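**Student:** From first to last, the protein sequence lines stand for chains A and B. The first sequence lines up with residues 207 to 307 when you count with this note's numbering. The second sequence lines up with residues 23 to 258 when you count with this note's numbering. For every residue, glycine included, the Cβ atom is placed at its ideal position computed from N, Cα and C. Small disclaimer: the values here were computed from a predicted structure and weren't measured. Got a structure for you, written out below as C-alpha cells; questions coming shortly.
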Amino acid sequence: MEAVTLLQWAFDAVLGFALLWLAWRALASPDLFLAIVLFIAFGLLMALAWVRLDAPDVALAEAAIGAGLTGALLLAALARLESNNETKAAHEKDHEPEVHD
Amino acid sequence: MKKTMNPKSMTESGKIRTPFRLLLMVLLSALAAGLGYAVSTLSSQSPGSGEWVAANLETSGVSNPVTAVLLNFRSYDTLLEMGVLLVALLGVWSLGGIPEQRESSPGPVLDTLSRLLVPVLILVAGYLLWVGAHAPGGAFQAGSVLGAAGVLLLLAGWRLDARFAGLPLRITLTTGLGVFVVVGAVLMLVGRRLLEYPPSFAGALILLIEAAATLSIGMTLAALFLGSRPEAGPDR
C-alpha cells in the first residue's frame, strides 16, 4: 500500500512539473507552430491531471475541446496567417510596377 | 516550420520587452503567492453544495451529479454558454470572407481514415450524449466529438453542399440555444420559473436539450474551424 501511494505521489509530481514546463515552453517559444504543438501536449496532460483529481467529466471536455479542437483551430489560424503573409508579399511584388505607372 | 521573424528584429523586440518581462514576472509571482495563500487557507473540509446536489439528485431527472448541475440546477449558465458559442461563431463570420485554403488533395491515408473514423465518431458522440445521464459525458463532450468529425471531414476536402449552407445550416447552429430558450419560455408560461423542470419529465427535457445542444455545438465547432461562412446556393 505504501509503495502504491509513493508511486502516485511521484506520478502526480512529475505530471505537475511537466504541466508547468510545457506551459512555460508554449508561452516562451518564438516558433508559433512549436508553441501550438506544446499547447496540445499541455491539454492532453491537463486531461490526465483532471483524471487524477477524480473529475472525469472535466477530463473528457479538456481532452476533446482543450487539446483537440482548440489545437485544430490554432493550427488552422496559423496556416491562414502564413498563407496570408505569402499572398500579401506576392501581391506587393505584382502591384509595385503598376503603382509607379 | 521556419521561423518567420528575422533574427535582428527578434533581438530588438527582446530588448524592448525586458522591463515588461520583469514586470510580468513580478505580477505573476504576486498572483502565484496570492493563489497559494488562498489555497492554503481553504478549509480542507468544505463540502460546497455537493451535499445539496446529492440530496436533490432524485428530482433532477438524471443520476450523474455533473449533468444534474449543468442542465438542471444551474442550467441558466449552460444556456448562456450556448449563447457564447453562437456569438463566437457570429463574430468569426462577421470578420468577412477568409480566402479558402488552397485545394489540397487529402491523400489516400486521410481519405480512408476519415471514411473509417467519421461514423465511429458520430456513434461515440451519440453514446456520450446518452451516457451523460448517469456517467461522465454529456452535451459538450458529445458536441466536441461531433465537431472533431466535422473537422476531419473538412480536412479531407469535404464541403457542405450549397443547398444546406444557407437556412438549414443556420437553423442547425441555433437549435441548441433555441430549444433551450423555448423550453425555458414554455416552463414560464405554465407557471414555473425559468428552466425549472417538473421532476416527472425532467429527464426527457434534459435529453431533448442536450440532443439539440450536441448538434449545434458540433456544427458550431466545425464551422469555427472552416472560418468563413460557407457559400450558400443561389436559391437562398
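1. Taking 8 Å as the threshold (C-beta atoms), are L101(B) and I228(B) in contact?
2. Output the distance between the C-alpha atoms of G277(A) and I242(A), rounded to the nearest integer angstrom.
3. My parser needs the beta strand (DSSP E) runs of 3 or more residues fully inside the region 188-218 of chain B; what are they?
4. Counting only Cβ-Cβ distances shorter than 8 Å, please list the residues of the region 150-181 of chain B near chain A, keeping chain order.
5. Go ahead and label F223(B) buried or exposed: buried means 16 or more other beta carbons lie within 10 angstroms of its beta carbon, across all protein chains shown.
6. For the alpha helix (DSSP H) that contains A247(A), what are its first and last residues?
7. Would you call the region 163-177 of chain B and the region 241-252 of chain B touching, i.e. three or more CB-CB distances under 8 Å?
8. Give the interface partners of A278(A) over in chain B, defined as CB-CB distance under 7 Å, in chain order.
9. By how many angstroms is the C-alpha of E218(B) removed from the C-alpha of L211(B)?
10. Out of A273(A), R258(A), N290(A), P262(A), which one is the CA nearest neighbour of L150(B)?
11. Between L238(A), A269(A), P236(A), L240(A), which lies nearest to M252(A) when the distance is taken from Cα to Cα?
12. Would you identify the three-state DSSP class for R39(B), choosing helix, strand or coil?
13. Looking at C-alpha atoms only, which residue of L240(A), T211(A), I271(A), A247(A) is the closest neighbour of L225(A)?
14. Taking V262(B) and A155(B) to be in contact with their CB atoms under 8 Å, please state how far apart those CB atoms are, rounded to whole angstroms.
15. Which bits of chain A does L46(B) rub up against, with CB to CB less than 9 Å?
16. For the alpha helix (DSSP H) containing T242(B), list its first residue and its last residue.
17. Let me know if R39(B) comes out buried or exposed under the rule of 16 or more other beta-carbons within 10 Å of its beta-carbon.
18. So if I threshold CB-CB distances at 7 Å, which residues from the region 262-274 of chain A count as touching chain B?
19. Helix, strand or coil for D99(B)? Go by DSSP, reduced to three states.
20. For chain A, check one thing: does any of its Cβ atoms lie closer than 8 Å to the Cβ of L211(B)?
**Tutor:** Considering the structure as presented:
1. As a first step, residue 228(B) is located in the second sequence; it is residue number 206 there, counting from the start. As a first step, residue 101(B) is located in the second sequence; it is residue number 79 there, counting from the start. The Cβ atoms of I228(B) and L101(B) do not sit closer than 8 Å to each other.
2. Indexing the first sequence from 1 puts residue 277(A) at position 71. Indexing the first sequence from 1 puts residue 242(A) at position 36. Cα atoms of G277(A) and I242(A): separation of roughly 7 Å, rounded to the nearest angstrom.
3. When DSSP assignments are scanned along the region 188-218 of chain B, no uninterrupted stretch of beta strand (DSSP E) that is 3 or more residues long falls wholly within it.
4. Listed in sequence order: L150, P158, G159, G160, F162, Q163, S166, V167, G169, A170, V173.
5. Here residue 223(B) is taken as the residue at index 201 of the second sequence, counted from 1. It counts as exposed.
6. For the purposes of this step, residue 247(A) is taken as residue 41 along the first sequence, with counting starting at 1. Judged by DSSP secondary structure, A247(A) falls within the alpha helix (DSSP H) whose first and last residues are 238-258.
7. Taking 8 Å as the limit for Cβ pairs, the verdict is that the region 241-252 of chain B does touch the region 163-177 of chain B.
8. One-based indexing of the first sequence puts residue 278(A) at position 72. Chain B residues near A278(A): V173, F247.
9. In the second sequence, counting from the first residue as 1, residue 211(B) sits at position 189. In the second sequence, counting from the first residue as 1, residue 218(B) sits at position 196. When rounded, the distance between both Cα atoms is 11 Å.
10. In the second sequence, the residue the question calls residue 150(B) occupies position 128. When A273(A), R258(A), N290(A), P262(A) are compared, the shortest CA-CA separation from L150(B) is found for P262(A).
11. In the first sequence, the residue the question calls residue 252(A) occupies position 46. Ranking the options by Cα distance to M252(A), first place goes to A269(A).
12. Taking the second sequence and counting its residues from 1, the one referred to as residue 39(B) is at position 17. If DSSP states are grouped into helix, strand and coil, R39(B) belongs with the helices.
13. Translated into the one-based positions of the first sequence, residue 225(A) becomes position 19. Scanning L240(A), T211(A), I271(A), A247(A) for the CA closest to the CA of L225(A) turns up A247(A).
14. Past the edges of chain B, shown from 23 to 258, lies residue 262(B), and the structure says nothing about it.
15. Looking up residue 46(B) in the second sequence gives position 24. Correct list: empty, because the minimum Cβ distance to chain A is about 10 Å.
16. As a working mapping, residue 242(B) is identified with position 220 in the second sequence. Per DSSP, T242(B) belongs to the alpha helix (DSSP H) from 224-248.
17. The residue labelled residue 39(B) in the question sits at position 17 within the second sequence. Looking at its Cβ environment, which holds fewer than 16 other Cβ atoms inside 10 Å, R39(B) is exposed.
18. Those residues of the region 262-274 of chain A that come within reach of chain B (Cβ to Cβ, closer than 7 Å) are P262, D263, L266, A267, A270, I271, G274.
19. By one-based count along the second sequence, residue 99(B) stands at place 77. The DSSP-derived three-state label of D99(B) is helix.
20. What you label residue 211(B) is simply residue 189 of the second sequence in a count that begins at 1. Chain A contact via Cβ: absent.
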